[in-house]
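Residue numbers (mature numbering (1 follows the signal peptide of the UniProt record, and there is no 0)): -21 to -1, 1 to 150.
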């Protein structure tokens, strides 16, 4: 019998796409640690991504901001994409909690239409492995607070892409 020990969320947060992956060196991997499994003092990785989980958009380096902006077709110099207001850490901690409880696996790809007030107006699901994944992650995304996008320096409506691959480790 295999006993589940921890959830590992391997994510492709704002996947910058293969163009960046092919034209630039591999970006550093940032890790979000989960809770210690029973009987261990070692925290397992709850999530791995190419952007820091604990930084707001303003705190990202210029290179990291470029990775976020690469998901968008065209952005002028005064434009900024929407981004989780406190950074993506809370989102991915919640994803890890959900994963630990329900053991959902598969890819999830959604877009959150963020209004000029930083509130989610709509969540568009592009890919989901199950109805449960759609419900849990869709609800999670709609209650998050976001930094609104800036279009020519003014808050505007724009989509925040959220892509994640959920894997459950059995030990």
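Note that beta-carbon positions come from the ideal geometry of N, C-alpha and C, so glycine has one too.
- Ranked by Cα distance from residue 27, the options 68, 128, 79, 100 are led by 68.
- When DSSP states are grouped into helix, strand and coil, residue 39 belongs to the coil group.
- If you draw a straight line from the Cα of residue 30 to the Cα of residue 72, it is about 15 Å long.
- Residue 54 sits in coil when the DSSP states are folded into three classes, being neither helix nor strand.
- Unbroken beta strand (DSSP E) stretches of 3 residues or longer found wholly inside the region 64 to 133: 85 to 93, 99 to 107, 128 to 130, given in chain order.
- Counting the other CB atoms within 10 Å of its CB gives residue 131 a total below 16, which places it among the exposed residues.
- Your pair residue 91 and residue 102 checks out as a contact, with CB atoms roughly 5 Å apart and the cut at 8 Å.
- Contact between the region 112 to 124 and the region 46 to 61 is not established, with fewer than three Cβ pairs separated by less than 8 Å.
- Going by beta carbons, residue 64 and residue 126 fall inside the 7 Å limit.
- In the structure shown, residue 136 falls within a coil segment according to DSSP collapsed to helix, strand and coil.
- Here residue 116 has 87 as same chain residues with Cβ atoms under 6 Å from its own Cβ, once five neighbours each way along the sequence are excluded.
- If the five residues before and after residue 97 are omitted, its C-beta is found closer than 7 Å to the C-beta atoms of 64, 124, 125, 126, 127, all from its own chain and listed in chain order.
- The alpha-carbon separation between residue 110 and residue 104 amounts to approximately 11 Å.
- Taking 7 Å as the cut-off, the beta carbon of residue 50 is found closer than this to the beta carbon of residue 140.
- Cα atoms of residue 77 and residue 143: separation of roughly 13 Å, rounded to the nearest angstrom.
- Straight-line measurement puts the Cα of residue 42 at about 22 Å from the Cα of residue 70.
- C-alpha of residue 108 to C-alpha of residue 95: approximately 31 Å in a straight line.
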